[in-house]
Amino acid sequence: MGIVFIFGLTVGVYKIFPYEIFDSSADLVKKETSIENNQFIMQSDLNTLVKINQESDIEKKRNDLIEFFWNVGSLQRVQYAGQLPEVESDIYDSRYNNFQNLKRIDKLTVEMEYGINSVSYLLLPEESNQKLILYHHGHDGDFLLGSDTIQFFLERDFTVLAMTMPLVGMNNQPIIEIDGFGEMHLISHNQLSLLEQNTFNPMKLFIHPIQVNLNFLDKEYDFKRYSIIGLSGGGWTAVVYSAIDDRITDSFSIAGSIPFYLRVDERDIGDYEQTNVDLYKIANYLELYVLSGYGNDRKHIQIFNKNDPCCFSGYGYETYEYFIDNKLAQLGKGSFQIFLDDTHNQHKISNTALEHIAKNIG
Numbered sequence: 001m002g003i004v005f006i007f008g009l010t011v012g013v014y015k016i017f018p019y020e021i022f023d024s025s026a027d028l029v030k031k032e033t034s035i036e037n038n039q040f041i042m043q044s045d046l047n048t049l050v051k052i053n054q055e056s057d058i059e060k061k062r063n064d065l066i067e068f069f070w071n072v073g074s075l076q077r078v079q080y081a082g083q084l085p086e087v088e089s090d091i092y093d094s095r096y097n098n099f100q101n102l103k104r105i106d107k108l109t110v111e112m113e114y115g116i117n118s119v120s121y122l123l124l125p126e127e128s129n130q131k132l133i134l135y136h137h138g139h140d141g142d143f144l145l146g147s148d149t150i151q152f153f154l155e156r157d158f159t160v161l162a163m164t165m166p167l168v169g170m171n172n173q174p175i176i177e178i179d180g181f182g183e184m185h186l187i188s189h190n191q192l193s194l195l196e197q198n199t200f201n202p203m204k205l206f207i208h209p210i211q212v213n214l215n216f217l218d219k220e221y222d223f224k225r226y227s228i229i230g231l232s233g234g235g236w237t238a239v240v241y242s243a244i245d246d247r248i249t250d251s252f253s254i255a256g257s258i259p260f261y262l263r264v265d266e267r268d269i270g271d272y273e274q275t276n277v278d279l280y281k282i283a284n285y286l287e288l289y290v291l292s293g294y295g296n297d298r299k300h301i302q303i304f305n306k307n308d309p310c311c312f313s314g315y316g317y318e319t320y321e322y323f324i325d326n327k328l329a330q331l332g333k334g335s336f337q338i339f340l341d342d343t344h345n346q347h348k349i350s351n352t353a354l355e356h357i358a359k360n361i362g
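Note that the numbering used here has the sequence shown beginning at 1, numbered continuously upward.
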C-alpha cells in the first residue's frame with residue numbers, strides 16, 4: 001500500500017494530516033511538505049533507504065557493524081576474546097534497601113580503552129523465572145533513576161542487569177591525554193570523536209560493556225531469555241545492540257530514536273552517537289529497526305511518549321511503522337511494532353509502558 005504522510009511541526013509535536021491511498025505497493029510516495037518555518041522537506045521513498053531484502057543482507061550488515069565497532073570479522077571472535085567483567089559479589093548499597101524480591105546485588109565493572117569504565121548492577125531476585133532484563137538507562141545519570149522499571153521486573157521474578165551510557169552515572173569520567181591535544185577531562189559524548197584512531201572506534205564504548213556482560217552471564221548462568229529495555233539514550237543503545245546480537249530476543253526502545261528524515265526539530269537531532277555518519281552509512285535507523293526485529297522468535301518494539309518534552313514526540317513514527325513490519329513479514333522471521341503512550345507528559349517509562357512490555361516478553 002502506498003501512502004503519502006504529510007506532517008507538520010507544532011510546539012515540538014508531529015501531527016499527521018489526511019493522506020491518500022495510491023496503490024498496493026509498500027512504497028511511500030514522495031511529497032514536499034510545508035512546516036512551520038516555511039522550509040520544505042521531502043518524504044522519502046522508504047524502499048530506497050532500506051537495502052535489506054533477504055537473509056544474506058541481514059548477515060552482511062551485521063558483520064559490517066561488528067567490523068565497525070570492534071575491528072573484527074565476527075561476533076564470535078568478540079564473544080571468545082576472553083574479556084569478562086570484574087565482579088564484586090553481594091555488595092551493599094543502601095539505596096536499594098527497600099526493593100522487593102531482591103536477593104543480592106553483584107557489581108560488574110568493564111574496563112575499556114583510555115581508562116573508561118562501565119559499572120553495572122546485576123540484581124538477582126529471591127524468586128527467579130530464569131529470564132534476564134537488561135535495563136539501559138541512558139544519558140541522565142545513575143540507573144537508580146529507573147528504579148520503578150527495575151522494581152517492576154524484580155517483582156515479576158526477572159533478574160535485572162542495570163546499565164547506563166559512557167561517562168554518566170557510576171561510570172567514570174577520566175582525565176586523558178591525546179597526542180596533539182594535551183590533557184582532557186571526558187565529560188560529554190561529543191568529546192569522544194576526538195578519540196578516533198585507525199585501530200580504535202570510540203563508538204565501541206557504547207556497546208562493548210553489554211557484550212562483555214552477556215558473555216559473563218552466558219558463562220555463569222542459564223537464563224532462558226535475554227530482553228533489553230532502554231530509555232532515551234538507552235533506547236538508542238537497545239536498538240543498536242539488538243541489531244548486532246541475536247542473543248537479545250526482545251528489544252524495547254523508549255523515546256530512543258527516529259529516522260533522520262523525521263528530525264525536523266533541533267531537540268531531536270541527537271549527539272555524537274545518534275549522528276555518527278560512519279555508523280549510519282552501514283545501517284541507517286530504518287535498517288537498524290529491521291535488524292533488531294529480525295530472527296526466530298525475535299521482536300523489536302518502539303515506545304514513544306506522545307507528549308514527550310525531551311524528544312521524539314508525536315506521530316512521526318506512522319511514516320515507517322507498517323513499512324518495517326511488512327519488511328520483516330517479507331523476510332519471514334521476527335516482528336516489529338510501535339506503541340504510543342499518551343497517558344502522561346514526561347520523558348519516562350510509564351506504568352502503562354511497563355505493562356505493555358511485560359505482555360510482550362516471551
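Using N, Cα and C, we set each Cβ at its ideal position, and we do this for glycine too. Predicted model, so just to flag it, every value in this text is computed and none were measured.
Report all residues from its chain with a CB closer than 8 angstroms to the CB of I244; omit the five preceding and five following residues, and keep chain order.
In the sequence shown, the residue the question calls residue 244 occupies position 244. Excluding residues within five positions, the ones whose Cβ falls inside 8 angstroms are R62, L65, I66, F69, L75, I207, L291.
Per-residue burial, Q130 [other beta carbons within 10 Å of its own, 16 or more giving buried]
In the sequence shown, the residue the question calls residue 130 occupies position 130. Q130 should be labelled exposed.
Taking A162 as the reference, give the member of Y294, V119, I176, G270 with the closest Cα.
For the purposes of this step, residue 162 is taken as residue 162 along the sequence shown, with counting starting at 1. The option with the nearest alpha carbon to A162 is V119.
F252 by DSSP, collapsed to three states: which one?
Within the sequence shown, the letter at position 252 stands for residue 252. Three-state DSSP puts F252 in a strand.
Quick one: using the 10 Å Cβ neighbour count with 16 as the cut-off for buried, is D23 buried or exposed?
The sequence position of residue 23 within the sequence shown is 23, counting from 1. With a pLDDT of only 32 at D23, under 50, the local geometry of the prediction cannot be trusted, and the value read off the model is given with reservation. The residue in question, D23, is exposed, as its Cβ has fewer than 16 Cβ neighbours within 10 Å.
Sorted by chain position, which residues of the same chain lie with C-beta nearer than 6 angstroms to Q346's C-beta, five sequence neighbours on each side aside?
Counting from 1 along the sequence shown, the entry for residue 346 is found at position 346. No residues qualify anywhere along the chain.
Bridge-paired residues (DSSP) for F200
Reading the sequence shown from its first residue, position 200 is the one you call residue 200. F200 pairs with Q197.
Expressed to the nearest angstrom, what Euclidean distance is found between the alpha-carbon atoms of N360 and E177?
To locate residue 360, count along the sequence shown from 1; it is residue 360. To locate residue 177, count along the sequence shown from 1; it is residue 177. In a straight line, the C-alpha of N360 is about 46 angstroms away from that of E177.
Roughly how many angstroms lie between the CA atoms of K30 and L354, to the nearest whole one?
Residue mapping note: residue 30 aligns to position 30 of the sequence shown, counting from 1. Residue mapping note: residue 354 aligns to position 354 of the sequence shown, counting from 1. Because the pLDDT at K30 is just 32, under 50, the model does not fix this residue reliably, and the value given afterwards should be weighed accordingly. Rounded to the nearest angstrom, the two C-alpha atoms are 36 angstroms apart.
So, does the stretch 107-121 touch the stretch 81-89, judging by three or more C-beta pairs under 8 angstroms?
yes
At the level of alpha carbons, what is the spacing between T249 and N296?
As a first step, residue 249 must be located in the sequence shown, where it is residue number 249. As a first step, residue 296 must be located in the sequence shown, where it is residue number 296. Distance between the alpha carbons of T249 and N296: 9 angstroms.
Given that a residue counts as buried once 16 or more other Cβ atoms are within 10 Å of its Cβ, and exposed if not, what is N98?
On the sequence shown, position 98 is the one that residue 98 refers to. N98 is exposed by the Cβ-count criterion.
In whole angstroms, what is the alpha-carbon distance linking S242 and S56?
Here the question's residue 242 lines up with position 242 in the sequence shown. Here the question's residue 56 lines up with position 56 in the sequence shown. Using only the alpha carbons, I get a separation of about 18 angstroms.
Would the stretch 153-169 count as touching the stretch 190-209 if we require 3 or more Cβ pairs under 8 angstroms?
yes
Where in the stretch 244-303 do unbroken runs of the alpha helix (DSSP H), each at least 4 residues long, occur, reported from the N-terminal end onward?
277-282, 285-293
Start-to-end residues for the beta strand (DSSP E) that takes in Y121:
Locating residue 121 in the sequence shown gives position 121, counting from the first residue. Looking at the DSSP string, the run of the beta strand (DSSP E) that includes Y121 is 117-125.
Counting only runs of 3+ residues fully inside the stretch 122-180, write out the beta strand (DSSP E) ranges in chain order.
131-136, 159-163, 175-178
Are L123 and L144 close, meaning C-beta to C-beta below 8 angstroms?
Indexing the sequence shown from 1 puts residue 123 at position 123. Indexing the sequence shown from 1 puts residue 144 at position 144. Not closer than 8 angstroms, so no.
For D222, which of helix, strand or coil comes out of DSSP?
Here the question's residue 222 lines up with position 222 in the sequence shown. Of the three classes helix, strand and coil, the one that applies to D222 here is coil, per DSSP.
Checking 8 angstroms against the spacing of the C-beta atoms, do L214 and R247 come in under that value?
Position 214 of the sequence shown, counting from 1, holds the residue named residue 214. Position 247 of the sequence shown, counting from 1, holds the residue named residue 247. Result yes, Cβ atoms of L214 and R247 sit closer than 8 angstroms.
Sorted by chain position, which residues of the same chain lie with C-beta nearer than 7 angstroms to K224's C-beta, five sequence neighbours on each side aside?
Position 224 of the sequence shown, counting from 1, holds the residue named residue 224. Closer than 7 angstroms at Cβ, skipping near neighbours: Q130, K131.
Quick check: the stretch 336-343 against the stretch 296-311, are at least 3 beta-carbon pairs closer than 8 angstroms?
yes
Count the other CB atoms, across all protein chains shown, that sit within 10 Å of the CB of V11; report buried if there are 16 or more and exposed otherwise.
On the sequence shown, position 11 is the one that residue 11 refers to. With a pLDDT of 31 at V11, under the threshold of 50, the modelled position of this residue cannot be trusted; read the value that follows with caution. The residue in question, V11, is exposed, as its Cβ has fewer than 16 Cβ neighbours within 10 Å.
Which of the three DSSP states, helix, strand or coil, is assigned to S56?
Within the sequence shown, numbered from 1, the residue matching residue 56 stands at position 56. Note: S56 maps to helix in three-state DSSP.
Close beta carbons around V78, own chain, < 8 angstroms, minus the five adjacent residues each side
Position 78 of the sequence shown, counting from 1, holds the residue named residue 78. Answer for V78: I66, W70, V72, Q211, listed in chain order.
Which one or two residues does DSSP pair with G332 in a beta bridge?
Looking up residue 332 in the sequence shown gives position 332. G332 is not bridged to any residue.
Boundaries (first-last residue) of the beta strand (DSSP E) holding E88
Locating residue 88 in the sequence shown gives position 88, counting from the first residue. E88 -> beta strand (DSSP E) spans 86-88.
Run through DSSP, which three-state label would E36 get?
In the sequence shown, the residue the question calls residue 36 occupies position 36. Summary for E36: the model assigns pLDDT 37, below 50, so the residue's position carries little reliability; its value from the coordinates is reported in the next sentence. DSSP places E36 in coil when its eight states are reduced to three.
Per the contact definition of three or more C-beta pairs closer than 8 angstroms, is the stretch 142-159 in contact with the stretch 185-195?
no
Can you have a look at V277 and say buried or exposed, based on whether 16 or more other CB atoms are within 10 angstroms of its CB?
If you number the sequence shown from 1, residue 277 lands on position 277. Counting Cβ neighbours within 10 Å, V277 comes out exposed, since fewer than 16 surround it.
For E32, count neighbouring Cβ atoms within 10 angstroms of its own Cβ and tell me buried if that reaches 16, exposed if not.
If you number the sequence shown from 1, residue 32 lands on position 32. Summary for E32: the model assigns pLDDT 34, below 50, so the residue's position carries little reliability; its value from the coordinates is reported in the next sentence. Exposed: under 16 other Cβ atoms inside 10 Å.
Nonlocal neighbours in the same chain, by C-beta distance under 8 angstroms from F83, ignoring five residues either side
As a working note, residue 83 is residue 83 in the sequence shown. The amino acid at residue 83 is misidentified as Phe; the sequence shows Gln. Counting only Cβ-Cβ distances below 8 angstroms, and skipping sequence neighbours, we find V110, V212, N215.
Starting from the C-beta of H300, find all residues in its chain whose C-beta is less than 7 angstroms away, skip the five residues before and the five after it, and write them out in chain order.
Here residue 300 refers to the residue found at position 300 when the sequence shown is read from its first residue. Only S242, S251, Y289, S292, G293, F336 meet the Cβ criterion.
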